[in-house]
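Undergrad: If you scroll down you'll find the structure; I have some questions about it.
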Amino acid sequence: MFLVSLVGPPNSGKTTLFNLLSGQKVKTVNYPGATIEYYHSKIDKKFGFDVELIDTPGIISLIPASIDEIITIDGIYSHPEYGTPDLIITTVDASQLSRHLVLVNDLIEANFNVVVAITMNDILARKNFEIDFSKLSNELSIPVIKIDTLKENGIDNLVKIIKDYSEKNKNQKEIKRINEDTLALVEKYNKISEIEKKVMISKNSGIINLLNDFKNLHKPDDISLKIDAILLSKTWGLLFFFFAMSVTFASVFWVAAPIMDLIDYGFAYISEWITTLFGINWLTQLLANGLVAGFGSVAVFVPQILILFLILGLLEDSGYLARGAMLVDKPLSKLGLNGRSFAPMVSGFACAVPAIMAARTIPNRRERLLTIFILPLLSCSARIPVYLLLIGFLVPTTGSLTAGIILASIYLLSIVSSLVAAGIINKFKNSIIPNQDHSSFILELPTYKKPKFNNVFFNAFTSTKSYIIGAGPIILIFSIVLWALTFFPAGIDNSISNENGNFEQQLIENSYASNIGKFLEPAVSPLGVDWRVGVAIITSFAAREVFVSSMALMFQVNISDEDSIQKSLLKNMQKAKKSDGTKVFTTSSIIGLIVFFIIAMQCVSTLAITKKETGSWRMPILQFVIYTISAYILAVSSVNLIKFLGIA
Amino acid sequence: MKFRNASQLLKGEQSQILDIDYSHPSARRIIEVGFTPGEEIIVVGKSAFNDPIAYSVRGTVIAIRKSEASCIQVR
């Protein structure tokens, strides 16, 4: 089928145009280079003909500067699935004509069929300029269309051109890769500047000083400049930065926590309903404790992921994220990271999987690998149910200030540990991650604008959905395997019955899980806990939040209680005794567990995506070994230190 | 006459690009985003740690590191 690709520089309105052509909403963002994936669609049915559309990530020229751009540019020349485009629509910001025509020039030089769509004409009009479209079309020898994406003007003209091209089936010239030296690039720019001067019409009546008008044309947005004077400054800029980050994490928490409780309670209710309705047998146990509990542990952290991506989307779309990246570039570069590590790092607080993928926008390979390496240390949302449970044990009243302070300290500790890890690995320099190219930070600071809520919401929704699809099945499978390990072989042994009321107790004690746990008890006893917690820790390597449902299984939460799973689990944890009669859970053992969860690499999905993104098993193996061993050593040390200080 | 480079410009200062040090590894990308000889640039802001520096160039604002700005020779 006839393939139309949309190609354009970052912030040129490309994705908005794609939305209008496809009639389908896709991600449109304000942070340069944020669209990594391609979006594919058929042209909207209302136009009455059939062509395929691809939206490509924003690029500046056809010569790549990062892995991200190599993928993008290869995909433009020949997409692995859809092939070489028959027609390229390239978007150009009218107020950035002299910069954005560079890419247009490259595309023409590479022999593509190109149509130029000029966007943001309203911004140009505010500068008292307009473009002579027919003149520009003559200069470039290709069609040029004026588009107003807000009022959807000009779309019909563009669609007509696409239709003509698709019907004509023009003989395509041979596509060639372009390569030029830097001097040729300067020449190209000079040529483009000449074109800009020819096609720009000043709307000031009685032009006297064209030179002054042109200065006005090349002046950035005034309001943005004024905002940046504050937001990039030493005191206020940094204050605002910390304020914005604190608000982000606090609201993720406050907004998500009640929804989480509701989800938790809901799944507990369904579990209970299944067993009371159909009695206790292996099938109802599989449904209630395996499947429903598994779905519950996938669903429980969806609110946090969704809310964090919503806020991240707002920061991105408003233009602040690029400023944030600029502010932290200097300190991060000292640790071998990059200002561009900022957005992936914030995403890491939702989930390491999309965060690791977002690291593609870091041009320097070493900085990119280092960013990927430390991302699992940032406190992802899968750890929140674990922390809530453990903090709930330390501070029984939920929502108290103390609980808040402990949680904030955990987050701070996770940030510190990631920076320390980056600093240490950076010292080893070439032995762990070889240095290949020089470090760079070149980022456009887009004009501040009011975020488009539809786009932000759609974007957050897509990220959350891709997470559920990506990590959900692994968590579900492990939940069922875990259930089977705690149910068999005792569950099908008829000698165990529910008559004396301790059916589940007997089940666990005679299960495979207990065999494994007891075998590993010497490894977990330095943490001050017994084999049951050992089993829960092992299962948490599937995904961290599985720890909570494992704990519920290991400590026989009685679902017929009116409480949520968490409340009854906390009660049972208070009562739990080791074989020597001492308590399993004390301040020291709980803090030990928290420390372990901050550092340990316990996520199969993260290891898989690291392997995919770095192209070898080296990085995920290093992450797994280094973080898990450090977590264990630090946790054992914390437990002993707290005991030594005389706290239980 | 001794020329300055763009990293030496003060906040708010305006100048014209004279030349680019083409041997700098970032030179190509710096030119691609719009820093070409003859263009007017203004320092619109410096990061809280004075690095990177944001320049107004060709109607937009681009932030680049000090070390990269040093390859831009200005009047």
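Residue numbers (my numbering), protein chains in the order written: chain B, 8 to 655; chain A, 101 to 175. Heads up, the beta-carbon is just placed ideally off N, CA and C, and yes, glycines get one too.
Using a Cβ-Cβ distance cut-off of 7 Å, determine whether ILE125 (chain B) contacts chain A.
TA: no
Undergrad: Take LYS153 (chain B) and list the residues in its own chain whose beta-carbon comes closer than 7 Å to its own, dropping the five residues that flank it on each side.
TA: ILE125, ASN128, PHE140, GLY161
Undergrad: Closer than 7 Å by beta-carbon distance: list the chain A residues that pair up with LEU426 (chain B), in chain order.
TA: Simply none; closest approach about 15 Å.
Undergrad: Tell me which same chain residues have a C-beta within less than 8 Å of the C-beta of ALA127 (chain A), skipping the five on either side of it?
TA: ILE120, ASP121, CYS171
Undergrad: Using the DSSP secondary-structure output, state which residues sit across from GLU159 (chain B) in a beta bridge.
TA: For GLU159 (chain B), no pairing in a beta bridge is given by DSSP.
Undergrad: What does the alpha-carbon distance come out to for the pair ALA41 (chain B) and THR368 (chain B)?
TA: Below a pLDDT of 50, predicted positions are generally treated as unreliable, and ALA41 (chain B), at 40, falls in that range; the measurement from the model is reported next regardless. Computed Cα separation, rounded: 8 Å.
Undergrad: According to DSSP, is GLY145 (chain A) part of a helix, a strand, or is it coil?
TA: strand
Undergrad: Which one or two residues does DSSP pair with LEU560 (chain B) in a beta bridge?
TA: For LEU560 (chain B), which the question treats as bridged, DSSP gives no partner whatsoever.
Undergrad: On the criterion of 16 or more Cβ atoms from any shown chain inside 10 Å, does GLY138 (chain A) qualify as buried, or is it exposed?
TA: exposed
Undergrad: Is DSSP giving LYS156 (chain A) helix, strand or coil here?
TA: In the sequence as presented, Lys is not what sits at residue 156 (chain A); that position holds Ser. The answer is strand: DSSP assigns SER156 (chain A) an E or B state.
Undergrad: Which two residues bound the contiguous alpha helix (DSSP H) that contains MET352 (chain B)?
TA: 349-355
Undergrad: Please confirm if SER123 (chain A) has its CB atom under 7 Å from at least one CB of chain B.
TA: The C-beta of SER123 (chain A) comes no closer than 7 Å to any C-beta of chain B.
Undergrad: Suppose you measure from the CA of ILE636 (chain B) to the CA of PHE526 (chain B); what does that come to, to the nearest Å?
TA: One C-alpha to the other measures close to 19 Å.
Undergrad: Note down, in chain order, all residues in the stretch 444-458 of chain B with a beta-carbon under 9 Å from any beta-carbon belonging to chain A.
TA: ASP444, HIS445, SER446, SER447, PHE448, ILE449, LEU450, GLU451, LEU452, PRO453, THR454
Undergrad: In or out: LEU385 (chain B) buried (at least 16 other Cβ within 10 Å) or exposed?
TA: The residue is buried, with at least 16 neighbouring Cβ atoms inside 10 Å.
Undergrad: Suppose contacts are defined by Cβ-Cβ distances below 7 Å. Is ILE649 (chain B) in contact with ILE598 (chain B) by that definition?
TA: Taking C-beta atoms as the reference points, ILE649 (chain B) and ILE598 (chain B) count as a pair closer than 7 Å.
Undergrad: Quick check on GLY244 (chain B) - is its C-beta less than 7 Å from some C-beta in chain A?
TA: yes
Undergrad: Taking the DSSP output, what are the residues bridged to ASP119 (chain A)?
TA: A:GLN173
Undergrad: If contact means a Cβ-Cβ distance below 7 Å, which residues of the stretch 106-131 of chain B contact chain A?
TA: Against chain A - using a Cβ distance shorter than 7 Å - the residues of the stretch 106-131 of chain B are ARG106, VAL109.
Undergrad: On a CA-only basis, which of B:LEU319, B:LEU450, B:GLU528 is nearest PHE464 (chain B)? Give me that one, please.
TA: B:LEU319
Undergrad: What separation, rounded to the nearest whole angstrom, lies between the Cα atoms of SER416 (chain B) and PHE562 (chain B)?
TA: 28 Å
Undergrad: Mind checking whether LYS582 (chain B) and VAL591 (chain B) have CB atoms under 7 Å apart?
TA: no
Undergrad: With C-beta atoms as the reference, is SER556 (chain B) less than 7 Å away from ALA300 (chain B)?
TA: yes
Undergrad: Can you say whether ARG133 (chain B) is buried or exposed, counting buried as having 16 or more other CB atoms within 10 angstroms of its CB?
TA: When all chains shown are included, ARG133 (chain B) counts as exposed.
Undergrad: Hey, ALA163 (chain A) and MET333 (chain B): beta-carbon distance below 7 Å or not?
TA: yes
Undergrad: With distance defined between alpha-carbon atoms, name the residue in B:THR23, B:LYS53, B:PRO64, B:HIS107 nearest to LYS158 (chain B).
TA: B:THR23
Undergrad: Below 7 Å on C-beta distance, what does ALA72 (chain B) contact in chain A?
TA: ARG129
Undergrad: To the nearest angstrom, report how far apart PHE9 (chain B) and ASN145 (chain B) are at their CA atoms.
TA: 26 Å
Undergrad: What residue ranges within the stretch 576-652 of chain B form continuous alpha helix (DSSP H) runs of no fewer than 4 residues, ordered along the chain?
TA: Segments of the alpha helix (DSSP H) lying fully in the stretch 576-652 of chain B: 594-606, 611-621, 625-651.
Undergrad: Check MET207 (chain B) in the structure and name its three-state DSSP category.
TA: Strand at MET207 (chain B).
Undergrad: Expressed to the nearest angstrom, what Euclidean distance is found between the alpha-carbon atoms of GLU311 (chain B) and LEU290 (chain B)?
TA: Contrary to the premise, residue 311 (chain B) reads as Gln rather than Glu in this sequence. Going by the C-alpha atoms only, they are around 32 Å apart.
Undergrad: Run down chain B in chain order and give the residues with a C-beta less than 9 Å from the C-beta of ARG175 (chain A).
TA: Here the premise fails: no neighbours, minimum Cβ distance about 16 Å.
Undergrad: Cβ closer than 9 Å: which chain B residues qualify as neighbours of GLU140 (chain A)?
TA: LYS222, HIS225
Undergrad: Closer than 7 Å by beta-carbon distance: list the chain A residues that pair up with VAL193 (chain B), in chain order.
TA: ILE131, THR136, PRO137
Undergrad: For ILE117 (chain A), which residues in chain B fall below 9 Å Cβ to Cβ?
TA: In chain order: nothing, as chain B lies at least about 11 Å away.
Undergrad: Helix, strand or coil: which one does DSSP assign to GLN114 (chain A)?
TA: strand
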